[in-house]
Each structure stands twice: as structure tokens, then as C-alpha cells.
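Residue numbers (this note's numbering), protein chains in the order written: chain A, 1 to 318; chain B, 319 to 636; chain C, 637 to 954; chain D, 955 to 1272. Note that beta-carbon positions come from the ideal geometry of N, C-alpha and C, so glycine has one too. Predicted model, so just to flag it, every value in this text is computed and none were measured.
Number of protein chains: 4
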Amino acid sequence: MSAGKLSEQARGVYIIAATPFTDEGALDLSSIDTLTDFYLGCGVHGFTLLGMMGEAHKLTPEESLTVVQRVVARAQDRQVIVGVSHAGLENVRRLAHEAMIAGAAGVMVAPPPGLKGDEGVYNYYAQLFKELGPDIPVVYQDYPQNTGVYLAPSVFERLVDDFRQLVMLKHEDCPGLAKLTRIREGEKKPGRRRVSILVGNGGLYLPQEMRRGADGAMTGFAWPEMLVQVCALFADGKAEDAEDLFDLYLPLLRHEAQPGFGLALRKDILRRRGIIASSFVRAPGPKLTRDDYNELDWLIARLERKLKDRGVMPAKVA
Amino acid sequence: MSAGKLSEQARGVYIIAATPFTDEGALDLSSIDTLTDFYLGCGVHGFTLLGMMGEAHKLTPEESLTVVQRVVARAQDRQVIVGVSHAGLENVRRLAHEAMIAGAAGVMVAPPPGLKGDEGVYNYYAQLFKELGPDIPVVYQDYPQNTGVYLAPSVFERLVDDFRQLVMLKHEDCPGLAKLTRIREGEKKPGRRRVSILVGNGGLYLPQEMRRGADGAMTGFAWPEMLVQVCALFADGKAEDAEDLFDLYLPLLRHEAQPGFGLALRKDILRRRGIIASSFVRAPGPKLTRDDYNELDWLIARLERKLKDRGVMPAKVA
Amino acid sequence: MSAGKLSEQARGVYIIAATPFTDEGALDLSSIDTLTDFYLGCGVHGFTLLGMMGEAHKLTPEESLTVVQRVVARAQDRQVIVGVSHAGLENVRRLAHEAMIAGAAGVMVAPPPGLKGDEGVYNYYAQLFKELGPDIPVVYQDYPQNTGVYLAPSVFERLVDDFRQLVMLKHEDCPGLAKLTRIREGEKKPGRRRVSILVGNGGLYLPQEMRRGADGAMTGFAWPEMLVQVCALFADGKAEDAEDLFDLYLPLLRHEAQPGFGLALRKDILRRRGIIASSFVRAPGPKLTRDDYNELDWLIARLERKLKDRGVMPAKVA
Amino acid sequence: MSAGKLSEQARGVYIIAATPFTDEGALDLSSIDTLTDFYLGCGVHGFTLLGMMGEAHKLTPEESLTVVQRVVARAQDRQVIVGVSHAGLENVRRLAHEAMIAGAAGVMVAPPPGLKGDEGVYNYYAQLFKELGPDIPVVYQDYPQNTGVYLAPSVFERLVDDFRQLVMLKHEDCPGLAKLTRIREGEKKPGRRRVSILVGNGGLYLPQEMRRGADGAMTGFAWPEMLVQVCALFADGKAEDAEDLFDLYLPLLRHEAQPGFGLALRKDILRRRGIIASSFVRAPGPKLTRDDYNELDWLIARLERKLKDRGVMPAKVA
């Protein structure tokens, strides 16, 4: 909780934390702890909880709060962002307050489905920012594949100009490279703030996005050590090395980025790595078959061979 | 709570109750009471709470429970159905249990978005029915315009054959007349149960649906007395009279059935009729303009004139 | 062809013409003639061909051209608008030229799916208007239920200000009453043109829309004489009479407005009225069942009884 | 035209051919020839024309036919599949006949949007197969991300059992690996035919799909020589080598697989490789910026360095 509030300076990897369950489907607090420790050991710069990949909608309200409190308590000095998107604005407000009281550094809000046009998007967030007040830092989650709501760069700029609490863009429109560039260009206008941009989409375009001005990643790839190192290499100006490292993991990253199915793969990799006890996914959700497991065996064996060849060491589990 | 469990015998009007707020947006318990009394005075056969038109997603979990308890306590011997749809199956289970403990006669469940094909729909409900057990009566809410999930008649029949707790179809696919006929035809198969079918879509096709075998309506039209009487006339074999009455209200019914916008109209009519104190709609939601009010004035004046001409008396407010 | 070019002055009923086929599915030229004559006899002010309800996408390119030429040749001095929407801009251009050469007064263009945000819509039409040049009058078809593309009033206004060839809005967003009012309000700005607005959605909100400033209807209801008279009564300031007449037909208008299914109903009514030879709908499309026919019998019998009671005469078939 | 009819035996790479335009947007016949020769030089086993990536919907009917005739005339003994999907069944029939007369080996058909449930899909294809007759081989294009229509494995099996002309599945549901496995398992049922399965999705999961029983790829990656060699290595049982080769190209393949944007990248790569004269994309379509070109420079430089390191030679341009 000494992590401070989320700001435009945020960079690096804010890992989207999986939510571990027992094989019977109960929340697994002990695995939350080992997972949190593992992420810390990987060097992540922050956490994002209750995002879509965290199975937030499958948790009860009490479980959601438990997850936030448990991770915050163990996250040392790292910031925790909490997803509070909801179809009702009053619920966004309530969830945001609960999250901040529980120690969150900021909240992440995606637009509800059904907003119409540029004005619809601007007005929703304007009303939200007024409701939340200036003291709760907000991340705009731009994920139109899921919400059906398009964010125009000019709308984002108006929101940045008008509301200081908007400090970060979670960028996962796709194709979205041009939008990222466009927003960074727009920030050169005198007087406009430069916000933090962390990228999602499973990290699939991370090197291209870093080159275009992203500050890091907000995704949940099961080898977070790679994400951390890629961001560090970019920060050191070693783009070529960063991309070499990224490419080693790309076959698995692409495999894990399959919509829907990918969450089950991610949890199973974390289980295999000894970080969580079970790869259980709550219903409705994908179930892995024997073929899926064999395929994963093969892909992981290939990755490990390549890492060994290059002398790259995966992160250790405590 | 002496209303008993929901069964295949259900018929008549299960009114989708609006959720009244104060002008400041707080839950208005007193208006819930007057609204409940009004619905009872109209002769409704049951209540449906926390449906999409009840702004369920804009209530906090505590508010939702309060609404259910308040209505159940005042609903005399009428059955209360509670909407418990949720993206996570575990949450459906939990909400269903809460509702039943609070005195619901049954629960209504729409499929979550993303179910794939006939098997996807069957499997979701099969798993749900197993989780809920045989003692919680369930209504299948078939509203693909909103969920994106199509219910094939053959899938519904398999579910009816396999799970006795499935007692009702909330029918609001559109165009959906053929599906209604098809399901009633299918029920002639020896050994298959005949379930209750109540229709939605704002009541827009109520006479046609009654003629094709519907047992009544589950919608929230702001003149519930018409819905009740139309169902009664059909039950008495007076189809022509039923349709004459329905047609008087059709201009307003059609006006109120406008997607999104209609909820604000409905609440404002209830306010004008003196049944709830405020027509406040929680954000994000439509706001009425001066033009909308004038238009409503005109339409209501026309309705009242026509009712007077025919000697029809609107329901009284206690 | 002496009808002149479409302009902002257009008003009244531009009937969306059904496309008649034989029972074997071939284009029925003779029924096109009788249908055209019938529409003329109803007093329509213009025709709209190759819209979505005209089954345009089920015609071959040659058949499409034949339909346009046939109607134009027989339409006397009435204007013919031709739908030329297409996923490729080059095809829109080509189809527009073909239509104008065949004698169309203007063309109607809906946005292709996938346009992003207000800029996406503006840019598409700006490019289109440049390609078409200033001499082809264009109708913007605003039908987001089908295209998925939202038209903001401010975008429409920019297009009106920048391109004189944009002379009409085909209004069928739903709910869309507020948008209509908003556009009429915006036109009070000095220097802005007032465009023609004709409304669709099967005519379901025609009286409300006329009161809010619509100039008429562009839809295909099977009793066009009602649409014509309602528009005429509104033009004469007899709103109350207009709405009385409209309400007589509303049960059937609402029935015909069912998505998908409605086209088959409309064609069957035209067949029953002796105007076209067959109600055949090309695949994939709805097929009417015995229940559908009986239902239609009942509804039409009710309408005819009510018309007779009020002394209203349906249009005669030549 | 000596290529014979498409059959269940088809395997290898059926390249989705780009459609080259001049810088002014006209069809570039000369580039069609050089592109066809290039694909042949890469060793492709067949061609797929007028698919979504071929900008089919931006061609006039005459241009479409020209493309087919031009490629067929130059494709030596390779089979040409032509996409004939259309919203109207009659147009599918007509386009299929035109394609076969022009020398196609078979046609590819995606379901039109709006089909409802398993029966809706079955019935559409059953009617289509009856219309086309047994002599036109058909590929089912399963691309629900675009069509919104889900294909259940059991529906595909019924179609395979009932209609011999269904010889291939173009597999690009995503996630779709389980479906592929499920279909191959189902084919073990005595009496069921084994159909050809070629995979799309830009080739993003090609190695996994080959391992699960795919027969090859139907996609348009700008280095087709890789696709050909990967398929050949799999055919030779050298899965590990295949995947090593695939991984070299994966960064670019993933980059090119970006929806919408990818087509412009693909055409620009083909232009850079000297195969087509211009990377022009018809409107509405993406335009590349300076940043996009620089990014592509970098990614291609990295690929070429890696290929050189491993001694892999790119295909030569004649």
C-alpha cells in the first residue's frame, strides 16, 4: 500500500494475474500467494486484477474483494490496478471505491456495450470521472473486440485534456498499431499530458508497440519473465536483443493468445511450472483435452530446448 | 411466500416490475410498495424481478436482494420470478439460491453470450440444472436479440425431456411466432410435458402469440390492466374482444417497445399515473427531452379519449 | 425520366418496391408492371428500388438493371431512387452510374460494415462523394440495426455542409426519434441546408416522426394508400386525423414489420390484393406456414371490418 | 483445365491469391501473371481466388471473371478454387456455374449471415447442394469470426454423409483446434468419408493443425515457399524441422495476420519482392504509413538475417 497512486509515469509490466481455483472450483488463497510471489520474482512492475482474463465475472463479490486484498497485502511496493467495469455506472463507482479502500493504486474501466459514436464514449467517461472525482486514477481499457465500442484517438485526447485522473491507456484494439502512433503524435501538442500506454492482446505485438511508444505490457503471458526482460531491453535501447528474446517465446505466446481457449492454456502452464495448484477454469469455460495437453508438451519442450541453446534461464519458482 | 413453486401451470401476466428510484437515484422503497400494490390491483398473476427492463445490472447486490424481499413480502399469494442470469455459472447458482431463500417461486436464466451451436446451449443448461438441483424451478429466457444465442426448438425439447425443473419458456425471439407454434406442436409427442410459455417483446405480438398457444405475458407495459384483460378474454374464448382491447393500446405499446428508450417512457408513464414518485433511470440510460414529454402527452391523451369512447376504465391507483 | 433529379425538396412516400418473382423464382416482369401501376394508383411520390426489402442481393446484376429500367419506364413523372450500397467503393461508383444512366433520380448508400468512429463514417462518405461527383444526388441510409455503423448527428451535419449532393436522410435508426429532432434543430444554424428526411422502420413510428419534422416515408407497407394519406393529412395540418387513420392499420403494420419474416407477409398481402402473381421469396428467406396464412386472414379481416366501419376505401387494383 | 475436379484427396498449399491493382486502382493483368508464376515457382498445389483476402467484393462482376480466367489459363496443372459466397442462393448458383465454366476445379462457399442454429446451417447447405447438383465440388468455408455462423462438427458430418460434392473444409474457426480433432475423430466411423481439411487464419496455427490432421493450408502469406515446405516436411514426418522453419517466419506471419491491416502488408511485401507492381488496396481499405513501412523494413531485415544464418533461400522471382 506504500505503492502510491497510479500515474502517467507507470511503465514496465503490469501482469494480468490469473485467478487460481482448487480442483473443486473454490478460490485457492494459497495459490494466490505463490502466484503473487512468482510474479514478484519475475520482476513485474505492477499487477492488474479482475480483468477479463482473471475470470472476474465468475467470482462472487466477496471473492473479488478477497482476491484484491490478498494480492495487495503481498505485492510489496508494487501497484495494483483493479478492473471495475460494469454495465451500470453506479456499480462502477461502488466497485472503484471498494478497490481503492482495499489498497488499489487505480482502477481500469472498459466502456459498457451500446455506447453510440464519439459523443457517447466521451459522455460516458466524462460522467464517470465526475462521479469518481479527481482522486481515483483511471485506466481506459480499449478492447473493442470484446466491448464493441470503438475509441477514436480524438476522443481519448479530449478525455486526457479534460480529466487529469485519466492516466493510462490499456491498448488492445486490433489492428491498433496506427492508433498507438497517432496518440503519441497527438501528445506533442503543447500542453497535452503524455499518458502511460500499456499493451494487451496477449503481448502479440509487444515489440512493435514498444517501438511505437508503448511504456510496457499489461497482459498475463505465463512466462512473465520474458515480458519483463523485453521491456527492460527496450528501455536500455536494445531493441534487437529484445525482439530476439521475444521471438523465442512467440510460438507459445501466439498459442496462448487464442481467444477463450488461451486462458485454460495459461493456467495449465502456470500449474506445470509449479506456481498454482490447479488449472481449473470456472464454467462456462474451455476444458483441455488429451490432445491439448500433448500439444502443450511439445510446444514447451521446444521452448525449453531453444532457451537452453541460447542460455536463457526461465524464472525460478520460490 | 404461500405462492408455492413455479410450475408448468403458470399462466396470465407475470409483470416485469420496474425498479423505482428517487430523483437522486437511490432505491425508492416506498415506490416499490405502491408499484407492487398497483400491479396487484391490476390483477397480475405474478411478478418478474431483476430482468433486463428492471435495471438489474444497475443495482448493487444488496439493492437487488432488497428489491426481491420487498416485493415478495407484499405480493400476497402471487408468485415472484427472479432473473439470475450471469456470465459465470457459479454466480447463477449463488443468485438462484439467494432468490429462493428470499421467497422466489422460481428463477429466470438467459444464456450467457458466446455459447456455440445447439450443443453449446444444451450443455450450458444441462450443467446449470445439475448445479441447481431439481427443486429450483427455472424459466428459460429466450431473447437472442440481446444475448446473441439462438435457441433451437429441438434443443428446448431435449432440455424439457431431460430436466423437470425447466417449467417455463420466456418467449421473446423475434420473429418468433413460428417457434412458438413449433414448440406447441412438439409437445403433442406422447410423454412430453407441456410447459408454460409467457411472451415478452413488450407484448407487441401478444394476440398472435395467445392464439398460437402462449399462456400469457411476461412484460412490463405501463398499463398492465390491459395485459391482464387481454389474457382473461383469450382464456374465455373471446379472441376478437381481446384483440379489440389490445388494439386500443397498441400505439402506446409500440411506442414503449422502442429498444433502450422505452424504459424511460415506461417509468414516466408510471410516474404520471401516480404509481411511482420519480421516473429516474440510472446511468447509462436514456433521458427524456421536452419533445419526448410532449409526444407522450399527445399519445396518452389519444389513448384516454379512445378508452372513454369505448367505456374502458383504466386501473385505479390505490 | 422527366422526373428530374432528387433534391432536398423531396417529400411524401417513396415506396420501397417489392421485387416480384414467379412461383418458380424467375423475375416476373408483368407483375413489376402491375405493382408499379398499383403504387402509382396509391399516389406515391416516388419509388425506391433495390433496397434491402427489395431482395436486391438476391438478384443478378442483369436482373437488377432490368428492374430499374422497367420501373423507370413506367413510373411516369415520379422519381426513382436506387440502392447502390456495396462493400467496395468502386462498385458503389459503378452501380450509381448504371442507375443514373438507367434513369434514376438519385442513389441511396448505406455505410459498409466496419467503419470506425465518427471519422470513419465521415471519411467514407467524403471519398464516395468525391468519386461520384456533384451531379449524382445521394440518400444516406442510416440503418445501424443492419450495418452496425452509427451515424452521429454532427457527422451528418458535416457531410451536409461539405457536400451539396447529399440531399436526403433515410432515417431508420431505432430508437431514432431524438436523432431526427436533433438534426432538424441543427438545420436552424444559419447557412445550413435543410435536407429531406424520409423514414423507414416499416413506418412503425411514422406519426411521431412526421410531427418531429420528417418529410414522409420510405418504406414498403402493403397498403401504401395509408402511407400516402397519412403524409397528406400531416401536410394539411390534420395530425389527429392522420394518426386516427394510421392506427387503423397499425396492427398489420406492426405484424409486417417483423424482421426477416415481414417480407414474406408483405408479398403475400400484395398477392392477395391481386397486385402481384406470386408471393415467392428467393432463398435464403422465410416461408409462410398454414398458421401464418390463417393469422394473416384474421388480421386482414379485422382491418377490412374496421375500414368499412369508418368508411375508408382501400386503393383499387387496376 | 487439365487439373481435374477438386476432391477429398486435395492437400498441400492452395494459395489465396492477392488481386493486384495498378497505382490508379485498375486491375493489373500483367501482375496477375507474374504473381501466378511466382506462386507456381513456390510449388503451391493450387489456387484460391475471390476469397475475402482477394478483395473479391471490390471487383466488378466482369473483373472477377477476368481474374479467374487469367489465373486458370496460367496455372498449368494446378487446381483453382473460386469463392462464390453470396447473400442470395441464386447468386451462389450462378457464380458457381460461371466459375466452373471458366475452368475452376471447385467452389468455396461460406454461410450467409443470419442462419439460425444447427438446422439453419444444415438446411442452407442442403438446399445449395441440391441446386448445384453433384458435379460441382464444394469447399465449406468455416470462418465464423466473419460470418457470425457457427458450424457444429455434427452438422458438418451430416453434410458430408448426405452430399458427396462436399469434399473440403476450409478451417478457420478460432479457437478451432478442438474442432479439427473432433472432425478427424468422427471420420473414423465406418462408412464416413475423410474430407480434405485446409487451414486458414493466415497460417497462424499451421503446425498444430497439421499435427491434428490438416492436409495443408489455404491462406495467402507473402512467403508461400515457407507454407509449401512446412507442408512437405510434415508429409515426410519431419514435424520438428517443419516447426523450426515455421518459427523463423512466425514474427512476420503474425504481423501479416492482423485483421484488415494485414492485406495491405501482404501486398506491400509482394511488391517489395518484385512480384506485383503496386501494393494498391481498393477502398474502403487500410493505407500504410511511414511508420508501417519502417516497421516492415525492420521485420523483413530480421527475417532475412535469420534465413541467411540458417542457410534458407527464399523463393526466386522469375
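Asked, Found
"Span separating the alpha-carbon of Val107/A from that of Ile515/B", "43 Å"
"Glu380/B, buried or exposed, once every other Cβ within 10 Å from all chains shown has been counted against 16", "exposed"
"Residues near Asp33/A by beta carbon distance below 8 Å, same chain, minus five either side", "Arg70 and Arg74"
"Whole-number beta carbon distance between Arg965/D and Gly1170/D, since they are thought to touch under 8 Å", "5 Å"
"Outcome for Asp778/C when other beta-carbon atoms lying within 10 angstroms are tallied against a minimum of 16", "buried"
"Ile183/A in three-state terms, based on DSSP", "helix"
"Under 8 Å between C-beta atoms of Phe280/A and Pro1129/D", "no"
"CB contact flag (Lys116/A, Tyr760/C, <8 Å)", "no"
"Stretch pair the region 864 to 884 of chain C + the region 927 to 935 of chain C: three plus CB contacts closer than 8 Å", "no"
"Which residues DSSP lists as bridging Lys806/C, in chain order", "Gln777/C and Leu834/C"
"Proximity winner among Gln801/C, Ile911/C, Gly784/C and Gly719/C, relative to Pro748/C (alpha-carbon distances)", "Gly784/C"
"Cβ pair count under 8 Å reaching 3, the region 680 to 693 of chain C against the region 991 to 1002 of chain D", "no"
"Cβ separation of Val803/C and Val774/C, assumed to be a contact under 8 Å, to the nearest whole Å", "7 Å"
"Beta strand (DSSP E) runs contained entirely in the region 519 to 593 of chain B, provided each spans 3 or more residues", "none"
"Run of the beta strand (DSSP E) containing Leu108/A, from where it starts to where it stops", "What sits at residue 108/A in the sequence shown is Met, not Leu. Taken as a continuous stretch (DSSP letters only), the beta strand (DSSP E) holding Met108/A covers Gly106 to Val109."
"Inter-stretch contact at 8 Å, needing at least 3 Cβ pairs: the region 1198 to 1212 of chain D / the region 960 to 975 of chain D", "no"
"Same chain only: Cβ atoms within 6 Å of Gly213/A, ignoring 5 sequence neighbours per side", "Arg184"
"Within-8 Å CB hit, Tyr1078/D to chain C", "yes"
"Beta-carbon proximity of Gln394/B to Leu368/B, cut-off 8 Å", "no"
"Same chain, Cβ closer than 7 Å to Met52/A, five either side skipped, listed in chain order", "Asn146"
"Where the region 720 to 735 of chain C meets chain D: residues whose CB sits under 7 Å from a CB there", "Ala723, Gly724, Leu725, Glu726, Asn727 and Arg730"
"Candidates Val716/C, Ala858/C and Met846/C, of which the one nearest Leu907/C by Cα", "In the sequence as displayed, the identity of residue 907/C is Arg instead of Leu. Residue Ala858/C is the option with its Cα nearest to Arg907/C."
"Environment of Glu527/B [buried if 16+ CB atoms lie within 10 Å]", "buried"
"Nearest-angstrom Cα separation, counted from Val1026/D out to Thr696/C", "24 Å"
"is_contact[Gly753/C, chain A] using C-beta, thresh 8 Å", "yes"
"Val1075/D - DSSP class collapsed to helix/strand/coil", "helix"
"Limits of the unbroken beta strand (DSSP E) element including Gln397/B", "Gln397 to Gly401"
"Through-space distance from Ala1059/D to Met955/D, alpha-carbon basis", "Its pLDDT being 46, under 50, Met955/D is placed unreliably in this model, and the coordinates cannot settle the point."
"Limits of the alpha helix (DSSP H) - the one that Thr702/C falls within", "Pro697 to Arg710"
"Exposed unless 16 or more other CB atoms sit within 10 angstroms - verdict on Leu665/C", "exposed"
"Straight-line Cα distance separating Val410/B from Pro632/B", "38 Å"
"Simplified DSSP state of Ile1291/D, which is helix, strand or coil", "Residue 1291/D is absent from the model: chain D starts at 955 and stops at 1272."
"Reference Gly1042/D, options Val1034/D, Ala1064/D and Leu1257/D, closest by Cα", "Ala1064/D"
"Expected contact under 8 Å - CB spacing of Gly838/C and Glu892/C to nearest Å", "6 Å"
"Alpha-carbon to alpha-carbon, Asp809/C and Leu1134/D", "41 Å"
"Sheet register partners of Thr36/A (DSSP bridge)", "Answer is none; Thr36/A lacks a bridge partner."
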